[in-house]
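Each residue of the sequence shown is one higher than the last, beginning at 741 in the numbering used here.
Where is the CB? At the ideal position from N, CA and C, for every residue including glycine.
These numbers were taken from a predicted model, which means no experiment stands behind them.
To start, the structure itself, in C-alpha cells.
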Amino acid sequence: MQVERIINFEMNQNCFLVFDEHEKIGIVIDPGCEGAKIKSRADALGVQVRYILLTHCHYDHIGGLRELRELTGAKVCSSLNCSINIQNKRTNASYGFGDALEEDPSDVLLADGDVLEVGALRFLCIATPGHTNGGMCYLAEGRLFSGDTLFLRNVGRWDLPTGNEEQLRDSIVKKLYTLEDETLVHPGHGNDTQIGYEKKFNLYVKA
C-alpha cells in the first residue's frame with residue numbers, strides 16, 4: 741500500500757491518495773484542496789481513483805469534492821450522518837469560510853465495522869463521532885486515517901455543529917486507543933503520529 745499526502749496549504753489540511761502499487765487502483769481521503777490538483781497527482785502516478793472517502797463533513801475536507809467527483813467518476817463514501825451534513829452549509833461549516841457549499845449526498849453509506857475493498861486493499865471503517873456526529877476513521881495495513889478525531893498530541897474540536905466532547909473522548913478511548921500501539925496515524929491536519937504515543941502523551945485524552 742502506498743500513501744501520498746497532498747496538502748491544502750491554505751488550511752494546512754491533509755488529503756491522502758492511497759493505492760495498491762501493483763494494480764494502481766486507489767482512493768482519495770478528504771479532498772480538501774482542488775480536485776484538479778488531486779487528479780493531476782493521481783494521473784502522474786498512474787492511479788485510477790475508484791472511491792473518495794470522507795472522514796467527516798467539514799468544508800476544509802470537502803472543498804475539492806465536487807470537482808474531483810466530476811473529474812474521476814469516483815464514488816463518494818461516508819457515514820450516513822456525514823452524507824447528510826455535507827448537503828448543508830451550516831453543518832459542513834462552509835458558512836464560516838464565507839461560502840455556501842451544499843454537496844450531493846454520498847454514493848455509498850458506510851457503517852461501523854464495514855470493510856471497503858479496493859483492489860488488494862481492505863479499509864476497515866471505524867465510527868468515531870465527536871468532532872462531528874458523522875465521524876469515521878479508516879484502518880488499512882496498520883495505518884489509521886483519523887481525520888479530525890485524533891492529531892499529534894491533540895484532538896479535534898467539538899464546538900462546531902453536531903460536535904460533542906463526551907462522544908469524542910469515548911471514540912478515542914474505546915475505538916482508537918484499543919488499536920495496536922504501533923498503528924501509524926495519518927491525521928487530517930499536521931504530522932503523523934502513533935497510537936501508542938498518543939496514549940501516553942496526548943494533551944487531552946490519555947489512555
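**Study point:** Close beta carbons around Lys915, own chain, < 8 Å, minus the five adjacent residues each side
**Key:** Correct list, in chain order: Ile866, Ala867, Thr868, Cys877.
Check your understanding: Looking only at its own chain, which residues have a Cβ that is under 7 Å from the Cβ of Gly804, when we skip the five neighbours before and after it?
Key -> Result list for Gly804: Pro771, Gly772, Cys773, Glu774, Gly775, Ile778, in chain order.
Check your understanding: Which same chain residues, not among the five before or five after Pro845, have their C-beta less than 7 Å away from its C-beta?
Key -> Ser823, Gln827, listed in sequence order.
Check your understanding: How far does the alpha helix (DSSP H) with Glu810 in it reach, from first residue to last?
Key -> Unbroken alpha helix (DSSP H) run through Glu810: 805-812.
Review point. In whole angstroms, what separates the C-alpha of Arg960 from that of Lys815?
Key: This structure leaves residue 960 out entirely; the chain is present only between 741 and 947.
Review point. So His801 is in the alpha helix (DSSP H); what residue range does that whole segment cover?
Key: His801 -> alpha helix (DSSP H) spans 799-802.
Review point. Can you tell me whether DSSP reads Val913 as helix, strand or coil?
Key: Under the three-state reduction of DSSP, Val913 is assigned to helix.
Check your understanding: Tell me which same chain residues have a C-beta within less than 8 Å of the C-beta of Gln934, skipping the five on either side of it?
Key -> Taking Gln934 as the centre and dropping the five residues before and after it, the same chain places the C-beta of Asp921, Glu922, Thr923, Leu924, Val925 closer than 8 Å to its C-beta, in chain order.
Practice item. Could you check which residue in Ile765, Tyr835, His762, His871 has the C-alpha nearest to that of Gly903? Key: For the residues Ile765, Tyr835, His762, His871, the minimum Cα distance to Gly903 belongs to His871.
Review point. So, do the segment 885-905 and the segment 844-860 have three or more beta carbon pairs nearer to each other than 8 Å?
Key: Contact between the segment 885-905 and the segment 844-860 is absent: fewer than 3 CB-CB pairs across the two stretches fall below 8 Å.
Exercise for review: Keeping to the same chain, check which residues put their C-beta closer than 8 Å to that of Leu943; ignore five residues upstream and five downstream.
Suggested key: Same-chain partners within the cutoff: Arg893, Asn894.
Check your understanding: With 16 other CB atoms within 10 Å as the buried threshold, where does Ser780 fall?
Key -> So Ser780 counts as exposed.
Check your understanding: Taking the alpha-carbon positions, what's the Asn748 to Leu884 distance?
Key -> Asn748 and Leu884: Cα-Cα distance of roughly 20 Å.
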